[in-house]
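Chemist: My structure is below; once you've seen it, I'll send some questions.
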Amino acid sequence: MPTVISGTPVPRAGDGTLDTSPQPPPGAPTGPTPSLGGGRNPRTIRLIVIVIAIAVILSGITIAYILTRSTACRLTSTDPLLFDQPEQPDTLDPQVTFSTPGWGITQQVYQTLVMYNGSSYTDFLPILAKSWTESSDHFNLTFTLRSGVHFSNGHLFNAYVMWYSLNRAMLMNQAPQFILGQNFNYPHVNASSSSDEVNASIATLKTNLNTINFQNPTSTDLAAMTDSYQSFQVIDDHTIQLNMGYGYLGDTVAYTYILSTLAAPIAAAVDPILINGNGGTSNTTNDFMSTHLLGTGPYTLGTYNQATGFTLQVDPNYWGASAAASEPWNNILQPAKAGIQVNFQNDPAKTTTDLKGGAVAGASFAYLGPSTVNDLKNSACVTVKALDAVYSSTAGAWWIYMNQNHEPFNNWSVRAAIAHAINYDQIIATAFGGNAIRWVGPVPPAYPHNNSNKLAPYTYNVALARQYMNASKWPLPVGYPTPIKYAYVNLGDWADVSVILKSNLAAIGINLDLVPITLDNLYQEQARDSTTGECTTETNANGGPFYMGQEFYTSDYIAPDDWTQNNAISYGSANDCMSQFNNATMDEWVIQAAGESNPTVLQQLYANMTGMMYDNYTNIWLVSPTQFSVSSPLLLGIVPNPMGSALPFTMSFNTEYAMKP
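FYI, in my numbering the residues of the sequence shown are 94 to 754.
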């Protein structure tokens, strides 16, 4: 018999506290317990930033700096609630966005079948789904959808609309498509299908998505949607079955982290009537959808200015009001308590002033690093919290890449020398004010299978570093004679890190030419020329070529394979154009782990991956900076969110409100 899964209740909202998750009501088991990961073919890294905003915790395991609250604390506005953030969304289309602010705004308006339980990254809440069942072999998830769900324009949501939405995400084939594509595919094809078969499927799917009546389908329409040979199969108007095994992970073992992938914006329900009336559905982006928001969630888009910010309005006709009343533990489902105004503010000094003076209820200091919050800890009208390590990992763990196809990094001894010449404690103390931890990759701290063989981080040992350098082609006292361009993201603490690195490596005869770049530049460096296939890192773009530099990765969903498919596999963005580490055995281990269910085998596979990169000095694993949240003490109803990296972006604003002093 299949297991009935209806999600897990989350902490109560509205009392200003951050509680651990209560137990689910009797008879409501949690979602599957993750024990493995899943592979992917990454295209680009989603901008999930080191952010400081609304409070988030993991099961109560949070270090809190809660300062004495002054009775003089005020907020300029309690409705709408005001927030500062330094970045604009890349797009408003949930099935295209691949940036932190993009995920943030879309997840306020659009909804998915399930969503993370507020205090857990392994339990899930029913949102558009009322419940779901899992087949005995775990390859098939059947979702029973809620009744009475509608978009804010009144158009009804049903299984046909969900079929459209998931298939649209696949057809568009944009940056986040791999999140679904590892398990799902176009109708009538799988990972072994020929290119002709795939192209034929795409053509048919495109026609169906633009012509089917998703409110009142014909018998021909129903035949296309109920066909069993496809990833997304309609059972009836309120039931849809998701069939895994068609994506590039193959059909050997079912993917454990499937619910995590279905909580991402790419799996959100969108309105086919609206889209097909404004540009249609294609395997390209839709200009209308990139600047408009209309979903089933508790907010509607008020205004949107790409230069200044946006407002979200409470939807008075939100479908979920009655359902939320019967599920008070389901925070994500609740109606919104206040409107939202987000200001695009990229001046951290101004944002700090806004927080202290109550001009905003919370703020994001993207990429500036954890030392930025030190001044705010002393403000009576600001609450600062340091979050558990898993949130720091979702925000981003950092390393130094060295291109192994270019001198001097094609020499193992040089890479080893660099690893032991770096004063890691100095970096943590000086650049981050003590607010960071060491790590050994490719899986980040607090994730399953992180450093499962318990390897010690590389030690700072100048004498050992000199020995390695003397064993290389460029012994001391001369060392490597040519200055090496080192690319670093010129933001906050990371500029300080680069200065420390330059000083450290000078002791082993390596002279760094520090070149500041922007985040956009970093993403360009990870890419290849679409015509020539040449890596940007190997060109003069942005001041390059850069055969060494600063790198980081942030989570698309919480699973170890999300990192190994980026940091360990040969075609991941960390290797393809950056370190250019390419090992066929490593690739096999990564894909095998993505589809492995035996815990003993999994443990060994991740230990193998960690050990190979460690012994090879593939990357110099630096630090995972501490993640903070910063908000006004008057801001209440805060819901913890496991994707804490995206504060305040992927958390749901709907339960938040301000206490009037």
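Each residue gets a CB set at the ideal place from its N, CA and C atoms; glycine is no exception. Being a predicted model, the structure only gives us computed values, none of them experimental.
#1: Just to confirm the assignment, what range does the alpha helix (DSSP H) spanning G197 have?
#2: Excluding five sequence neighbours on each side, which residues of the same chain lie with their C-beta closer than 6 Å to the C-beta of N747?
#3: Does the Cβ of N371 have 16 or more other Cβ atoms within 10 Å, making it buried, or fewer, making it exposed?
#4: Could you spell out where the beta strand (DSSP E) holding E227 opens and where it closes?
#5: Please state if the CB of Q560 and the CB of G388 are separated by a distance shorter than 8 Å.
#6: Can the beta-carbon of I601 be found less than 8 Å from the beta-carbon of Q519?
#7: Since V453 is in the alpha helix (DSSP H), which residue starts that stretch and which ends it?
#8: Name the two residues that bound the continuous beta strand (DSSP E) containing S724.
#9: Please state if the CB of P365 and the CB of F307 are separated by a distance shorter than 8 Å.
#10: Which value, in whole angstroms, describes the spacing of the CA atoms of L273 and Y341?
#11: For the alpha helix (DSSP H) containing L594, list its first residue and its last residue.
#12: Enumerate, from N- to C-terminal direction, the unbroken beta strand (DSSP E) stretches of 3 or more residues contained entirely within the region 660–735.
#13: Report the rounded CA-to-CA distance for M495 versus P609, giving the unit in angstroms.
#14: Please return the same chain residues whose Cβ sits closer than 8 Å to the Cβ of S128, not counting the five positions on each side in sequence.
#15: Could you tell me the distance, in whole angstroms, from the CA atom of Q658 to the CA atom of A473?
#16: May I ask you to report which of helix, strand or coil DSSP gives T632?
#17: Take the Cβ of V475 as the centre, count every other Cβ of all protein chains shown within 10 Å, and call the residue buried at 16 or more, exposed below.
#18: CA-CA distance, L727 and V189?
#19: How big is the Cα-Cα spacing for G527 and S648?
#20: Measuring only the C-alpha atoms, how far is E627 from Y664?
#21: Report all residues from its chain with a CB closer than 7 Å to the CB of I425; omit the five preceding and five following residues, and keep chain order.
#22: Between the beta-carbon of T703 and the beta-carbon of N546, is there less than 8 Å?
#23: Using only CA atoms, which one of N301, A416 and F236 lies nearest to D64?
#24: Consult DSSP for E618 and reduce its assignment to one of helix, strand or coil.
#25: For V395, I'd like the list of residues in its chain whose CB is within less than 8 Å of its CB, leaving aside the five on either flank, ordered along the chain.
#26: Under 7 Å Cβ to Cβ from K753, same chain only, skipping five residues before and after it: list those, please.
#27: Consult DSSP for A529 and reduce its assignment to one of helix, strand or coil.
#28: State the Cα-Cα distance for the pair G688 and N471, rounded to the nearest angstrom.
#29: Give me, in chain order, the residues of the same chain whose beta-carbon lies closer than 7 Å to that of F244; leave out the 5 immediate sequence neighbours on both sides.
#30: Per the DSSP calculation, N233 is bridged to which residue(s)?
#31: When you compare the region 714–723 with the region 558–576, are there three or more beta-carbon pairs, one atom per stretch, that lie closer than 8 Å?
#32: Excluding the five sequence neighbours on either side, which residues of its own chain have a C-beta within less than 8 Å of the C-beta of T401, listed in chain order?
#33: Taking the alpha carbon of W422 as the reference point, which residue from G211, I603 and Q720 has its own alpha carbon closest?
#34: Taking Q267 as the reference, which of N376, N233, L302 and S224 has the closest Cα?
#35: Would you call K478 buried or exposed, if buried means 16 or more other Cβ atoms sit within 10 Å of its Cβ?
#36: Is DSSP giving M641 helix, strand or coil here?
Modeler: Here's the rundown:
#1: T193 to V202
#2: P391, Q427 and A429
#3: exposed
#4: A222 to E227
#5: no
#6: no
#7: Premise fails: V453 is in no alpha helix (DSSP H) and is neither H nor E.
#8: F721 to S724
#9: Yes.
#10: Roughly 10 Å between the two C-alpha positions.
#11: D586 to A599
#12: 712–714, 716–718 and 721–724
#13: One C-alpha to the other measures close to 17 Å.
#14: Since pLDDT at S128 reaches only 34, below the 50 mark, its modelled position is unreliable, and the value read off the structure follows with that caveat. Closer than 8 Å at Cβ, skipping near neighbours: T349, P541, S690, P692 and L695.
#15: 44 Å
#16: coil
#17: buried
#18: 35 Å
#19: 23 Å
#20: When rounded, the distance between both Cα atoms is 14 Å.
#21: M208, L218, I220 and S745
#22: yes
#23: What is shown of the chain runs 94 to 754, which leaves residue 64 out entirely.
#24: helix
#25: Before going on, a small fix: residue 395 reads as Gly here, not Val. Taken in chain order, the residues that qualify are F403, T404, L405, Q406 and G432.
#26: T171
#27: strand
#28: 49 Å
#29: F250, D364, L387, G388 and T389
#30: Per DSSP, N336.
#31: no
#32: N436 and F437
#33: G211
#34: N376
#35: buried
#36: strand
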